[in-house]
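> Residues 420 to 726 in my numbering are what the sequence shown lists, from first letter to last.
Glycine residues also receive a C-beta, built at the ideal position from the N, C-alpha and C atoms.
Handing you a structure now.
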Amino acid sequence: MPLPEFLYHVPATLNEACQLMAQLGEDGRPLAGGTDLIVNMRKGLISPKNVVSLGRIEELNKIDHSGGLTRVGACLKVSDLVRSKPVSSRYNALRLGAGSLGSPLIRNLATIGGNLVTGRPAADLPPPLMALGARLLFRSVSGKREVPLQEFFHGPGLTAIGKDEILTEILLPEPPSNSGSGYIKLGVRKALEISIVNAASFISLDRESGKIRSARVVLGAVAPTPIRAWSAEKILIGEKPDEELFIKAGEAASEESKPIDDFRGSAGYRRDMVKILTQRSLHIAFDDLMSNTLERWDEKNDHAHCK
Ligand SMILES: Cc1cc2nc3c(=O)[nH]c(=O)nc-3n(C[C@H](O)[C@H](O)[C@H](O)COP(=O)(O)OP(=O)(O)OC[C@H]3O[C@@H](n4cnc5c(N)ncnc54)[C@H](O)[C@@H]3O)c2cc1C
């Protein structure tokens, strides 16, 4: 189907974009990579009178790490996330989520902000970002607003973003030492596939006791929004990580999930897969934790040798 007619705006600055969004109200829609917006316009699902391109706004395309915080510009392409050093060295779950989104072509267009604002329950980036404790920064003519990602999703396609707001940055805290994260997705095919179920995990260990100090397990495609598997997290905290513990956490996550039947998989199949994927994401997080710890140990010993 051809695209419906619309006016195309290309602001050069964030201020200009905010002013446009305020003037246009319900009639304006921000455009990032277009892999959802343009597809939905072609299908005739939406037909905004005005499209506001965010592509030329430099500050939305940056990634910066300083003062214990990584600030990811909302228009950063998913392919840039996969290649980014601050991401791959600190946020394994996000690196894995970004690497499994769509195909190389889609990753070169799709942005991190677009993947969040669409509010798809099966999207690849919300679970890793939630597991990593992300917060979102919005701008409008009224000023700035910060929202924990955990509070952002309200239902399929429904989020806490205001009509005139632009998502500007995703803020990620520096992970503590002795921590790691993982992400895994199940689809029918390996590429170009929306998840049947996905799971992200984050764990940090207490250095003295070797027990899990904090844990976050997030599931996608098993509820109207990505959800925390609170009962699995409760089982993990205060225990030493091992196979048996991860199996118990997987079982708890499976009991807590409330998936639906659809053409991608039955509720029962999804529930079984939650059990397996939760376990696997915990193993990936633990392997990441071990390799981070070894890297730090190597760095420390290299310094000692140099002295
Ligand atoms: C063939 C194909 C395969 C796909 N496979 C996957 C997959 O495996 N996993 C997956 O998760 N997704 C997948 N997708 C979905 C899609 O690629 C992602 O959701 C993408 O990340 C959306 O980002 P975008 O930059 O293209 O957003 P756009 O399409 O530009 O925008 C999406 C929505 O967000 C709004 N928006 C965008 N940026 C901002 C901002 N900064 N502030 C305010 N509002 C904003 C837009 O107005 C629009 O409503 C696939 C899509 C296609 C076409």
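1) Given that a residue counts as buried once 16 or more other Cβ atoms are within 10 Å of its Cβ, and exposed if not, what is N511?
2) Could you check whether L443 and L450 sit closer than 7 Å to each other, using their CB atoms as the reference points?
3) When DSSP builds the beta bridges, which residues end up paired with K604?
4) Pull up the CB-CB distance for I679 and E658, whole angstroms please, since I reckon it's below 8 Å.
5) For ligand 1, is there a heavy atom less than 6 Å away from the beta-carbon of G533?
6) Quick check for students: name the residue ranges of the alpha helix (DSSP H) that lie wholly in the segment 457-529, counting only runs of 4 or more.
7) Which residues does DSSP pair with F557 in a beta bridge?
8) Determine contact between the segment 515-522 and the segment 558-567, defined as no fewer than three beta-carbon pairs at a distance below 8 Å.
9) Does the distance from the C-beta atom of A553 to that of L568 stay below 7 Å?
10) Just the Cα atoms here: how many angstroms apart are D625 and R502?
11) So which of Y602, A431, L586, L551 has the shortest CA-CA distance to D543?
12) Can you tell me whether DSSP reads G533 as helix, strand or coil?
13) Could you tell me which residues DSSP pairs with V447 in its beta bridges?
14) Determine the extent of the alpha helix (DSSP H) in which I654 is found, giving its start and end residues.
15) If the criterion is Cβ atoms closer than 7 Å, does the pair A642 and K677 meet it?
16) What are the boundary residues of the alpha helix (DSSP H) that includes G411?
17) Compute the beta-carbon to beta-carbon distance between L433 and I476, rounded to the nearest angstrom, for a pair I have assumed lies under 8 Å.
18) What are the start and end residues of the alpha helix (DSSP H) that includes L548?
19) State yes or no: is the C-beta of L605 within less than 7 Å of the C-beta of M549?
To lay it out plainly:
1) The residue given as residue 511 occupies position 92 in the sequence shown. N511 should be labelled buried.
2) Taking the first residue of the sequence shown as 1, we reach residue 450 at position 31. Taking the first residue of the sequence shown as 1, we reach residue 443 at position 24. No, the Cβ-Cβ distance between L450 and L443 is not below 7 Å.
3) Residue numbering aside, residue 604 sits at position 185 when the sequence shown is read from its first letter. Per DSSP, N617.
4) Stepping through the sequence shown from its first residue, residue 679 is reached at position 260. Stepping through the sequence shown from its first residue, residue 658 is reached at position 239. In fact, because the Cβ distance is near 32 Å, the residues do not count as touching under 8 Å.
5) In the sequence shown, counting from the first residue as 1, residue 533 sits at position 114. The answer is yes for G533.
6) 497-502, 504-509, 511-518, 523-528
7) If you number the sequence shown from 1, residue 557 lands on position 138. Note: F557 sits in a beta bridge opposite R564, L586.
8) no
9) Locating residue 553 in the sequence shown gives position 134, counting from the first residue. Locating residue 568 in the sequence shown gives position 149, counting from the first residue. For A553 and L568, yes; Cβs fall inside 7 Å.
10) If you number the sequence shown from 1, residue 625 lands on position 206. If you number the sequence shown from 1, residue 502 lands on position 83. Looking at the two C-alpha atoms, the distance is approximately 30 Å.
11) Counting from 1 along the sequence shown, the entry for residue 543 is found at position 124. For D543, the nearest C-alpha among the options comes from Y602.
12) Within the sequence shown, the letter at position 114 stands for residue 533. If DSSP states are grouped into helix, strand and coil, G533 belongs with the helices.
13) The residue you call residue 447 lines up with position 28 of the sequence shown. Reading off the sequence shown, one finds Gly at residue 447, where the question assumed Val. For G447, which the question treats as bridged, DSSP gives the partners N469.
14) Start at 1 with the first residue of the sequence shown, and residue 654 comes out as number 235. Where I654 is concerned, the enclosing alpha helix (DSSP H) stretches over 649-655.
15) In the sequence shown, the residue the question calls residue 642 occupies position 223. In the sequence shown, the residue the question calls residue 677 occupies position 258. Yes. Within cutoff.
16) This structure leaves residue 411 out entirely; the chain is present only between 420 and 726.
17) Walking along the sequence shown from the start, residue 433 turns up at place 14. Walking along the sequence shown from the start, residue 476 turns up at place 57. That belief holds up - the Cβ atoms of L433 and I476 are roughly 5 Å apart, short of 8 Å.
18) Looking up residue 548 in the sequence shown gives position 129. Run containing L548: 545-550, per the alpha helix (DSSP H) assignment.
19) Within the sequence shown, residue 605 is the residue found at index 186, counting from 1. Within the sequence shown, residue 549 is the residue found at index 130, counting from 1. Result no, Cβ atoms of L605 and M549 do not sit closer than 7 Å.
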